[in-house]
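Shown next, in structure tokens, is the structure this report addresses.
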Amino acid sequence: MVITAFDLVTKRTRFIKPWKDEYATWPVVKAVLASCSVPTYFPPVEGRYVDGGVGSYANPCYLAAYEARFCLEWDATETTLISLGTGREPHTLQPGDADRWWAWDWIGPVLGAFLQSADDQQVHLVRTFFEQLDFRRFQVDLRRPIPMDDASNIPELTAYGDELGRKICNDETDRALEIKASRAPR
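Sequential numbering from 15 applies to the sequence shown in this note's numbering.
What follows is the structure in structure tokens.
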């Protein structure tokens with residue numbers, strides 16, 4: 015098992031591996047919390063470790079695949095890489111909405127577009143460059159945008175967690191796995 019987290023102190027992605035001396039005493043829960051500690055929403059673990067996507071260009075899946083194949087020399091045909099999405103927000107903008115925005119109104123949509131594109135890109139890059147790897151990305155489609163810092167949404171988030179768990183148990187992977195590059199005509 016390899017879990018990614020970003021170390022704010024050393025400014026580098028950490029590949030947490032239980033057989034590495036540095037991480038031998040880490041409980042799994044610490045590695046998982048570090049890997050999914052989203053800055054501004056969840057506190058850093060030990061004041062330094064945050065979400066693995068922070069330092070890896072929002073593409074921890076590709077780095078994990080690279081690490082497994084080229085650093086650990088794992089056989090891709092015997093390796094499974096699992097990625098859990100945090101939910102795909104629905105498309106809520108209508109044509110013309112952006113025409114009325116002030117400069118500060120662009121922050122949310124631009125960040126949202128970046129993150130959504132990065133989610134789909136990480137899936138596409140792993141599938142393209144590591145074809146023999148058993149790569150499984152699991153994701154749920156949100157019915158509405160949910161602010162992460164609003165505790166009143168916990169029941170709805172729990173339901174999404176149940177849905178994600180069902181998808182994992184039924185091996186219902188993310189539709190982004192179906193993205194194919196189209197070749198230019200000759």
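Cβ atoms here follow ideal geometry from the backbone N, Cα and C, with glycine treated the same way.
Remember, predicted model here, so these are calculated numbers, not experimental data.
Each residue's CA atom was taken as its position, placing Ala90 and Glu81 some 11 Å apart.
Going by C-alpha positions, Glu103 is about 17 Å away from Asp111. By the neighbour-count criterion, in which 16 or more other beta carbons inside 10 Å mark a residue as buried, Phe84 falls on the exposed side. Unbroken beta strand (DSSP E) runs of no fewer than 3 residues, entirely contained in the stretch 45 to 112, are found at 63 to 65, 94 to 98, following chain order. Annotated three-state conformation of Asp21 is strand, per DSSP. For the options Lys31, Thr100, Glu60, Tyr63, the alpha carbon positioned closest to that of Ala173 is the one of Thr100.
The DSSP-derived three-state label of Asp119 is helix. Below 8 Å, enough C-beta pairs join the stretch 174 to 188 and the stretch 148 to 162 to call them touching: three or more. Rounded to whole angstroms, the Cβ separation of Arg62 and Val23 is 5 Å, and the two are in contact under 8 Å.
Per DSSP, Asp188 is not a residue of any beta strand (DSSP E), being assigned neither H nor E.
Beta bridge pairing from DSSP links Phe29 with Thr18. Counting other Cβ atoms within 10 Å of its Cβ, Leu95 reaches 16 or more and is therefore classed as buried. Proximity to Ala165 across Gly69, Glu145, Ile121, Phe56 peaks at Phe56, based on C-alpha coordinates.
Of the candidates Gly69, Thr54, Gly126, the residue whose Cα lies closest to the Cα of Phe29 is Gly69. Here Arg151 is bridged, per DSSP, to Ser97.
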